[in-house]
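Some notes on the structure that comes next.
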Amino acid sequence: MSAVGRGQALLGVLVALVLVTVPWLGVDAWAFDAPAASGGPLGWLTALVDGRWDLGLVRAPALMAGVLAALAAVVLPRAEPWRRVVLVGATALVVLALLVPATLLQVGLRDGTEPWFHVNDASYQVELAGERLLDGDNPYGAGYAGTGLERFYSLDGTPVTDGRVEAVALDHLAYFPGLPVLGAVSAALPGPLGDLRLLMLLFALALVPAALLLPGPLELRLAAGALLAANPLLVRSTWFGILDAPVVLALVLAFALALRGRWGWTGVLVALALAQKQYAVAAVPFLALAAWQAGGGIALRRAGIAFAAVLAAVLVPFLLWDPRAFVDATVVYGTSAYRVVGYGLSGLLVDLGLVERDGSYPFAPIALVTWLPATVVLLLRQRRDPAPWRAALGFALSFLVLAWIARYFQTSGFVYPLTGLIVAAQIALAPLLGRDEEEATR
13 MSAVGRGQAL LGVLVALVLV TVPWLGVDAW AFDAPAASGG PLGWLTALVD
63 GRWDLGLVRA PALMAGVLAA LAAVVLPRAE PWRRVVLVGA TALVVLALLV
113 PATLLQVGLR DGTEPWFHVN DASYQVELAG ERLLDGDNPY GAGYAGTGLE
163 RFYSLDGTPV TDGRVEAVAL DHLAYFPGLP VLGAVSAALP GPLGDLRLLM
213 LLFALALVPA ALLLPGPLEL RLAAGALLAA NPLLVRSTWF GILDAPVVLA
263 LVLAFALALR GRWGWTGVLV ALALAQKQYA VAAVPFLALA AWQAGGGIAL
313 RRAGIAFAAV LAAVLVPFLL WDPRAFVDAT VVYGTSAYRV VGYGLSGLLV
363 DLGLVERDGS YPFAPIALVT WLPATVVLLL RQRRDPAPWR AALGFALSFL
413 VLAWIARYFQ TSGFVYPLTG LIVAAQIALA PLLGRDEEEA TR
């Protein structure tokens, strides 16, 4: 494929990304009975929509970016460096248009009303946990009633402490310490900058340069970066406040640095991902096998030592602070307090009457006979055929099995196997498109 052909293919991907994402952009926002937002540094933005959530404002820039990308495909220059400038600019424009308006409008609406409006309870609780850290208090072991979080669940600002709605986050903090640490970073910032979703936005945007570390022609890397940063799942996660972006970024960087043989940094990044969300555990065996295949025991030890050191640095202080509170919140409570709500086996078992919606769920024995064997089979395939894309694909497929048997799983979690598939596809396509580029230059 010629350079112009690859550029037009990239622009086609950008247009398709807009077409797929825009119909879902901004839907299912919390239906808060809140006053109209006014004032604040983002008051100029909220004033455009009379202080209310508005789908037109968040979708119009994205659709315009898609139109401009389509026009760029028609007039794409052949000469360098103008072709590259157009491609980089179009990618940046589409990603920014899909991510930034919705996030800024949510932040502005919240800043112009009250902190329990126009926010998700996950990001709100992590911010509150960060404030406790800054005050020298343990975010684990104490409830969150009386912090303002109890006003979120009524959707109208009145406190909910009587059990009339499910508000499990008022009792414990189920997240691993990496997220409260990020919450402390946000809490230290003034005004609307203290909204954790702005930090999530930066992590999401960083996925584009992260993809540039993966192999392949520029067009392939830009396409992968756009798909990683601005797919519908991560776009919603960012403005809604589901806190997936830093974990996804750490995993992408881990796969990229693994290809470069930077096993110490690979271990660091996987540990940082796992210190935030337990989902990252699905990547550990595949990257460990890749390290052993590439550099034997030396590479595996280097990655393992870095992984253990960073994970211990994040977790051990909280374990020493109050071990019972930490384990009860993140392990006992985090795996059993939520209702059985899944899109696979758990939902089927509830429908068949074999498991109660509010009862226990036998995750461990189910995982031993499903997820563990499936992961072993994928690792054996990777061992027999150590193609560089196998680790990312194995992570994606293993995670899908894990999602299918999980007790509690949100649709936002599908961003992790999607990330693995995008990374695997980029790594697999890189040598094919690279050969085309070499032949075109001869």
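Each residue of the sequence shown is one higher than the one before, counting from 13 in this note's numbering. Even for Gly, the Cβ is constructed at its ideal location relative to N, Cα and C. Predicted, not measured: the structure shown is a model, and the values here were computed from it.
Quiz item: With DSSP run on the structure shown, which of helix, strand or coil describes residue 291?
Solution: The residue labelled residue 291 in the question sits at position 279 within the sequence shown. In the structure shown, residue 291 sits in a helix (DSSP, three-state: H, G or I).
Self-check item: Spatial neighbours of residue 453 in its chain, beta-carbon cut-off 7 Å, leaving aside the 5 residues before and after
Solution: Position 441 of the sequence shown, counted from the first residue, corresponds to residue 453. The predicted position of residue 453 is uncertain, since its pLDDT is 45 and thus under 50; a value taken from the coordinates is nonetheless stated next. Excluding sequence neighbours, residue 453 sits near nothing in its chain.
Exercise. Look at the Cβ atom of residue 98, then the Cβ atom of residue 228, and state whether they are nearer than 9 Å.
Key: As a working mapping, residue 98 is identified with position 86 in the sequence shown. As a working mapping, residue 228 is identified with position 216 in the sequence shown. Their beta carbons are not under 9 Å apart, which means residue 98 does not touch residue 228 by this criterion.
Practice problem: Check the C-beta distance from residue 156 over to residue 181 and give it rounded, since I have them as a contact under 8 Å. | Solution: Working through the sequence shown from its first residue, we reach residue 156 at position 144. Working through the sequence shown from its first residue, we reach residue 181 at position 169. Confirmed, Cβ separation roughly 6 Å.
Quiz item: From residue 143 to residue 254, what does the alpha carbon distance come to, in whole angstroms?
Solution: For the purposes of this step, residue 143 is taken as the residue at position 131 of the sequence shown. For the purposes of this step, residue 254 is taken as the residue at position 242 of the sequence shown. Roughly 19 Å separates the two Cα atoms.
Quiz item: Using a Cβ-Cβ cut-off of 6 Å (strictly less than) and excluding sequence neighbours within five positions of residue 407, which residues of its own chain qualify?
Solution: For the purposes of this step, residue 407 is taken as the residue at position 395 of the sequence shown. Cβ within range, chain order: 294, 295, 298 and 432.
Practice problem: Name the one or two DSSP bridge partners that residue 420 has. | Solution: For the purposes of this step, residue 420 is identified with residue 408 of the sequence shown, where counting begins at 1. Partner(s): 353.
Exercise. Could you check if residue 86 is buried or exposed, using at least 16 other CB atoms within 10 Å of its CB as the buried criterion?
Key: Residue 86 sits at position 74 when you count from the first residue of the sequence shown. So residue 86 counts as exposed.
Quiz prompt | Segment limits, alpha helix (DSSP H) that includes residue 136 | solution = Translated into positions along the sequence shown, residue 136 becomes position 124. That run of the alpha helix (DSSP H) goes 133-146.
Practice problem: Could you name each continuous beta strand (DSSP E) segment of 3 residues or more that falls completely within the region 336-400, going from the start of the chain to the end? | Solution: Entirely contained in the region 336-400, not one beta strand (DSSP E) run reaches 3 residues.
Quiz item: Apart from the five residues just before and just after residue 257, which ones in its own chain have a Cβ nearer than 7 Å to its Cβ?
Solution: Translated into positions along the sequence shown, residue 257 becomes position 245. Closer than 7 Å at Cβ, skipping near neighbours: 212, 215, 216, 246, 249 and 250.
Quiz prompt | Sub-9 Å separation of residue 161 and residue 140 beta-carbons | solution = Here residue 161 corresponds to residue number 149 of the sequence shown, with the count starting at 1. Here residue 140 corresponds to residue number 128 of the sequence shown, with the count starting at 1. Yes, Cβ-Cβ distance for residue 161 and residue 140 is below 9 Å.
Practice problem: Use the C-beta contact count for residue 402: other C-beta atoms within 10 angstroms, 16 or more gives buried, fewer gives exposed. | Solution: Position 390 of the sequence shown holds residue 402. With 16 or more Cβ atoms within 10 Å of its Cβ, residue 402 is classed as buried.
Self-check item: Helix, strand or coil at residue 50 [DSSP, three-state]
Solution: Counting from one through the sequence shown, the residue named residue 50 turns up at place 38. Reduced to three states, the DSSP call for residue 50 is coil.
Practice problem: Could you pull the start and end residues of the alpha helix (DSSP H) that residue 317 belongs to? | Solution: Position 305 of the sequence shown holds residue 317. Unbroken alpha helix (DSSP H) run through residue 317: 296-333.
Quiz item: Is residue 356 near residue 292, with beta carbons less than 9 Å apart?
Solution: Residue 356 sits at position 344 when you count from the first residue of the sequence shown. Residue 292 sits at position 280 when you count from the first residue of the sequence shown. Not closer than 9 Å, so no.
Quiz prompt | Distance, residue 207 Cα to residue 115 Cα | solution = Mapped onto the sequence shown, residue 115 falls at position 103. Mapped onto the sequence shown, residue 207 falls at position 195. Cα-Cα distance, rounded: 10 Å.
Quiz prompt | Opening and closing residue of the alpha helix (DSSP H) in which residue 78 lies | solution = Counted from its first residue, the sequence shown places residue 78 at position 66. Here the alpha helix (DSSP H) through residue 78 covers 67-87.
Exercise. Go through its chain and collect everything with a Cβ distance to residue 204's Cβ below 8 Å, but skip five positions before and after it.
Key: Residue numbering aside, residue 204 sits at position 192 when the sequence shown is read from its first letter. Result list for residue 204: 52, 53, 54, 119, 120, 122, 123 and 210, in chain order.
Quiz item: CA-CA distance, residue 338 and residue 259?
Solution: For the purposes of this step, residue 338 is identified with residue 326 of the sequence shown, where counting begins at 1. For the purposes of this step, residue 259 is identified with residue 247 of the sequence shown, where counting begins at 1. Near 21 Å, if we compare the C-alpha coordinates of residue 259 and residue 338.
Quiz item: residue 446: which of 394, 31, 316 and 233 sits nearest, CA to CA?
Solution: As a working note, residue 446 is residue 434 in the sequence shown. Closest by alpha carbon: 233.
Practice problem: Can you tell me the Cβ-Cβ gap for residue 6 and residue 322, rounded? I've got them flagged as a contact below 8 Å. | Solution: Summary: the structure shown does not reach residue 6, with the chain confined to residues 13 through 454, and so no result is reported for it.
Quiz item: If you check the beta carbons only, do residue 103 and residue 225 fall under 9 Å apart?
Solution: Translated into the one-based positions of the sequence shown, residue 103 becomes position 91. Translated into the one-based positions of the sequence shown, residue 225 becomes position 213. No, the pair does not count as a contact, with Cβ atoms beyond the cut-off.
Quiz item: Does the Cβ of residue 429 have 16 or more other Cβ atoms within 10 Å, making it buried, or fewer, making it exposed?
Solution: Mapped onto the sequence shown, residue 429 falls at position 417. Buried: at least 16 other Cβ atoms inside 10 Å.
Exercise. Would you mind reading off the limits of the alpha helix (DSSP H) that contains residue 212?
Key: Taking the sequence shown and counting its residues from 1, the one referred to as residue 212 is at position 200. Looking at the DSSP string, the run of the alpha helix (DSSP H) that includes residue 212 is 208-217.
Exercise. Tell me where the alpha helix (DSSP H) around residue 123 begins and ends.
Key: Within the sequence shown, numbered from 1, the residue matching residue 123 stands at position 111. It spans 94-123 - the alpha helix (DSSP H) in which residue 123 sits, taken as one unbroken run.
Exercise. Starting from residue 56, follow the alpha helix (DSSP H) in both directions and report where the run begins and ends.
Key: What you label residue 56 is simply residue 44 of the sequence shown in a count that begins at 1. That run of the alpha helix (DSSP H) goes 55-59.
Exercise. Identify which residue in 420, 305 and 392 has its Cα closest to the Cα of residue 290.
Key: Counting from one through the sequence shown, the residue named residue 290 turns up at place 278. Taking each of 420, 305 and 392 in turn and checking the Cα distance to residue 290, the smallest one comes out for 420.
Practice problem: Determine, using beta carbons only, whether residue 88 and residue 95 come nearer to each other than 9 Å. | Solution: Position 76 of the sequence shown, counted from the first residue, corresponds to residue 88. Position 83 of the sequence shown, counted from the first residue, corresponds to residue 95. Yes, the Cβ-Cβ distance between residue 88 and residue 95 is below 9 Å.
Quiz prompt | Supposed close pair residue 352, residue 362 - CB separation, criterion 8 Å | solution = Residue mapping note: residue 352 aligns to position 340 of the sequence shown, counting from 1. Residue mapping note: residue 362 aligns to position 350 of the sequence shown, counting from 1. Contact flag correct, Cβ pair sits at about 6 Å.
Practice problem: Indicate whether residue 190 and residue 287 have their beta-carbon atoms separated by less than 9 Å. | Solution: Numbered from its first residue, the sequence shown carries residue 190 at position 178. Numbered from its first residue, the sequence shown carries residue 287 at position 275. The Cβ atoms of residue 190 and residue 287 sit closer than 9 Å to each other.
Self-check item: N- and C-terminal bounds of the alpha helix (DSSP H) containing residue 159
Solution: Looking up residue 159 in the sequence shown gives position 147. Residue 159 -> no alpha helix (DSSP H), and no H or E assigned at all.
Quiz item: How long is the line joining the alpha carbons of residue 309 and residue 134, rounded to whole angstroms?
Solution: Walking along the sequence shown from the start, residue 309 turns up at place 297. Walking along the sequence shown from the start, residue 134 turns up at place 122. The straight-line gap from Cα to Cα measures roughly 40 Å.
Quiz prompt | residue 92 classed as buried or exposed, judged by whether at least 16 other C-beta atoms fall within 10 angstroms | solution = Taking the sequence shown and counting its residues from 1, one reaches residue 92 at position 80. Classification for residue 92: exposed.
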